[in-house]
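Accompanying notes for the structure given below.
Residue numbers (the numbering used here): 5 to 347.
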């Protein structure tokens, strides 16, 4: 994982607790600038993708709400951070934002206290479901990449400690990076890491500034041995001529690399590509090769998201066929990696 070295750090005064001050002082060469609100930045000259690697924002999260999920988790935790140094061509977190740098929320203990309060209101014992048979699961990295966040602050370690000891709560997050620091956190099977995987040649085009697919796959066994529950996240599935053969190669590499003990506990999530007109316009200027792969109007239709945005997805009749093909390939090569959900 490449080192994140911001040249500018914006901070709100209420973010400068001990954690915030430490993050600020970790980059003495950066330009430090106070702001009033973490989500209202001054005008920046760099483009959207440059900002992601050049700017860090320190803020205090005030909206401490746990949201229902039902797919990757039971609930989505209040965010430990927002944004990522990666520049994936399809990233939904970037949609409708002119710039989206990493924003680290320094009030980690308040965020975790909100989770504790929320989970203690839930019926216990939990009714088993596909997210977990025993614990209530909270996605702690829905708006950021936890592997990157852990390299900036101790907030992820504090969160892992919280979930490891909690009698009812379980953490989960997806990642496109391999951060060896996470191997020292001793989660004791109370944290699920979901490595996002795409075919190698596609990932090189669309997963900009992230770790390679090979590196992610080879890390799976190490994270299991370090005490994580390890799943994989086939997302997004991008359809193009020959996509099935590329997934066959990816599945065969998984089958060859993953240790039998790890296979026994591994499941997967499968999410076919959704795209967005704003992203399309931005990618045309910055990553046109990726855009040629993911913007295919002849196979896509518009869809209003649950948050009100207008996105595009594969036409529903075509998508039903694609899902069937994906399932057939999965059953043929990696039947041990059950699909928790697919859409």
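Note that beta-carbon positions come from the ideal geometry of N, C-alpha and C, so glycine has one too.
A quick note: this is a predicted structure, and the numbers were derived from the prediction, not measured.
Item	Value
Spatial neighbours of residue 248 in its chain, beta-carbon cut-off 7 Å, leaving aside the 5 residues before and after	329, 333
Between the CA atoms of residue 61 and residue 40 - distance to the nearest angstrom	12 Å
Closest Cα partner of residue 274 within the set 286, 342, 215	342
Sequence-distant residues of the same chain with beta carbon closer than 6 Å to residue 86, five excluded per side	107, 147, 148
Under the three-state DSSP convention, the category residue 202 falls into	coil
Residue from 130, 32, 286, 222 with nearest C-alpha to residue 181	222
Per-residue burial, residue 200 [other beta carbons within 10 Å of its own, 16 or more giving buried]	buried
Backbone CA spacing between residue 56 and residue 88 [nearest angstrom]	7 Å
DSSP state of residue 181 mapped onto helix, strand, coil	coil
3-residue-minimum beta strand (DSSP E) runs that sit fully inside the stretch 76-153, ordered along the chain	106-109, 140-143
Buried or exposed by the 16-neighbour rule on C-beta atoms within 10 Å, applied to residue 233	buried
Paired residues, beta bridge with residue 62 - DSSP	15, 108
Inter-stretch contact at 8 Å, needing at least 3 Cβ pairs: the stretch 20-32 / the stretch 171-190	no
Terminal residues of the alpha helix (DSSP H) in which residue 342 lies	Here residue 342 belongs to no alpha helix (DSSP H); instead the beta strand (DSSP E) covers 342-346.
Euclidean distance between Cα positions of residue 269 and residue 132	16 Å
Nearest to residue 308 (by Cα), restricted to the options 299, 292, 279	279
Three-state secondary structure (DSSP) of residue 49	coil
Residue 265 - containing beta strand (DSSP E), residue span	Where residue 265 is concerned, there is no enclosing beta strand (DSSP E), although the alpha helix (DSSP H) it sits in stretches over 264-269.
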